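Colleague: Provided herewith is a single structure, encoded as structure tokens, for subsequent inquiry.
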């Protein structure tokens, strides 16, 4: 019944003039324009009628570099084969665009994907966020702070930077990435820690969050393995469903992960397919 209604919505939308989107990859689609700066995404639609579950992919790069075309090459085919549509986004980068610019762009992308669900033959009630490194921080915080219009049903953190306080204390100073993002000096004083804590997902874990998959290398020197372990324990402490997938010996660089865990893309796609199998209303 739900599938029939969604297909009917799609038919009515297309009949009213909204363009149909064919299966395959569609590059450089503007989802937001901020003061003349065009923010684009790449979209991939599986074969079939749908409605498909979907994932929004958020790249890494320390909030100051990176692009929608990087980080997720290994995931593209497994997601397509699992019948999952995906949207890989660009967002504004620091220091030109400090916090919360990039975070607001992620929220705008969620709204855009939901608003265009019919054209892309996706089910907006089966939506996941997938973020790598800094993109994992953006994905996790977006899920935590979501209101009904921004709600998602799953989160995948790929070496996600989720405990910024612990990481900063370990470093003994404010990292260059956080200096650029938050406009902070190098000194890690109480004021700096307060600003860092205000954007650290680990500080806001709460009951009712969507299910999580955390994929983490044990040899990661940028986002430490122990921080991922601690975050998983926080999720478990408030009974948020979480699967923790460890990659033995894997470093932070995602391009190297298949050398250590050749099956990690299939793990991500399989978990998303199972987690997004049904709409919340159908469960």
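Numbering (the working numbering), first residue to last: 104 to 386. Yeah, the Cβ is synthetic: ideal placement off N, Cα and C, and Gly gets one too. Bear in mind that the values here come from a model prediction, so they are computed numbers and not experimental data.
1) In whole angstroms, what separates the C-alpha of residue 191 from that of residue 227?
2) Enumerated in chain order, which unbroken segments of the alpha helix (DSSP H) with a length of 4 residues or greater are wholly contained in the region 159 to 229?
3) Mind listing, in chain order, the continuous beta strand (DSSP E) runs of no fewer than 3 residues lying wholly within the region 273 to 333?
4) Residue range of the alpha helix (DSSP H) that residue 247 falls in?
5) Between which two residues does the beta strand (DSSP E) carrying residue 361 extend?
6) CB-CB under 8 Å to residue 339, same chain, minus the five flanking residues each way: which ones, in chain order?
7) Count the CB pairs spanning the region 287 to 301 and the region 243 to 251 that are closer than 8 Å, and state whether there are at least three.
8) Taking residue 294 as the reference, which of 245, 244, 282 has the closest Cα?
9) Please report the distance separating the alpha-carbon of residue 353 from that of residue 126.
10) Using a Cβ-Cβ cut-off of 6 Å (strictly less than) and excluding sequence neighbours within five positions of residue 213, which residues of its own chain qualify?
11) Residue 118: buried (16+ other C-beta within 10 angstroms of its C-beta) or exposed?
12) Among 209, 200, 225, whose alpha-carbon lies nearest the alpha-carbon of residue 186?
13) Consider the C-beta atom of residue 284 and the heavy atoms of the ligand ADP; say whether any pair is separated by less than 8 Å.
14) Reducing DSSP to helix, strand and coil, say where residue 372 ends up.
15) What is the residue span of the beta strand (DSSP E) that residue 153 lies within?
16) Please classify residue 269: does DSSP put it in a helix, a strand, or coil?
17) Cβ of residue 188 within 9 Å of Cβ of residue 197?
18) Starting from residue 128, follow its DSSP beta bridges and name the residues at the other end.
19) By DSSP, does residue 142 sit in helix, in strand, or in coil?
20) On the CB-based measure, 16 or more other CB atoms within 10 Å of its CB, does residue 141 come out buried or exposed?
21) Check this for me: beta carbons of residue 135 and residue 215, under 9 Å apart or not?
22) Leaving out five residues before and five after residue 370 in sequence, what residues of the same chain have Cβ atoms less than 6 Å from its Cβ?
23) Compare the C-alpha of residue 245 against each of 313, 269, 280, 271 and name the closest.
24) Whole angstroms are fine: how far does the CA of residue 193 sit from the CA of residue 162?
Modeller: Result, derived from the coordinates:
1) The straight-line gap from Cα to Cα measures roughly 16 Å.
2) Correct list: 176 to 184, 204 to 218.
3) Here the runs fully enclosed are 315 to 320.
4) 237 to 247 is the extent of the alpha helix (DSSP H) around residue 247.
5) Segment 360 to 363 is the alpha helix (DSSP H) holding residue 361; no beta strand (DSSP E) there.
6) The residues are 345.
7) These segments do not touch.
8) Of 245, 244, 282, the residue nearest in Cα terms is 282.
9) Note on geometry: alpha-carbon atoms of residue 353 and residue 126 lie some 34 Å from one another.
10) So the qualifying residues of the chain are 253.
11) Only weak support exists for where residue 118 lies, its pLDDT of 36 falling under 50; the coordinates are left without a value.
12) Selection 209, 200, 225 evaluated against residue 186 yields 225 as nearest (Cα-Cα).
13) In the structure shown, the ligand ADP is absent, as is every other ligand, since no ligand is present at all.
14) Note: residue 372 maps to helix in three-state DSSP.
15) Run containing residue 153: none; DSSP gives neither H nor E here.
16) Correct three-state label for residue 269: helix.
17) Not in contact: residue 188 and residue 197 (Cβ atoms no closer than 9 Å).
18) The partner list for residue 128 (beta bridge, DSSP) reads 147.
19) When secondary structure is reduced to three states using DSSP, residue 142 falls in the strand class.
20) Residue 141 is exposed by the Cβ-count criterion.
21) Cβ atoms of residue 135 and residue 215: closer than 9 Å.
22) Here the set comprises 348.
23) That would be 313, whose Cα lies nearest to the Cα of residue 245.
24) Taken atom to atom, the span from the alpha-carbon of residue 162 to that of residue 193 is near 8 Å.
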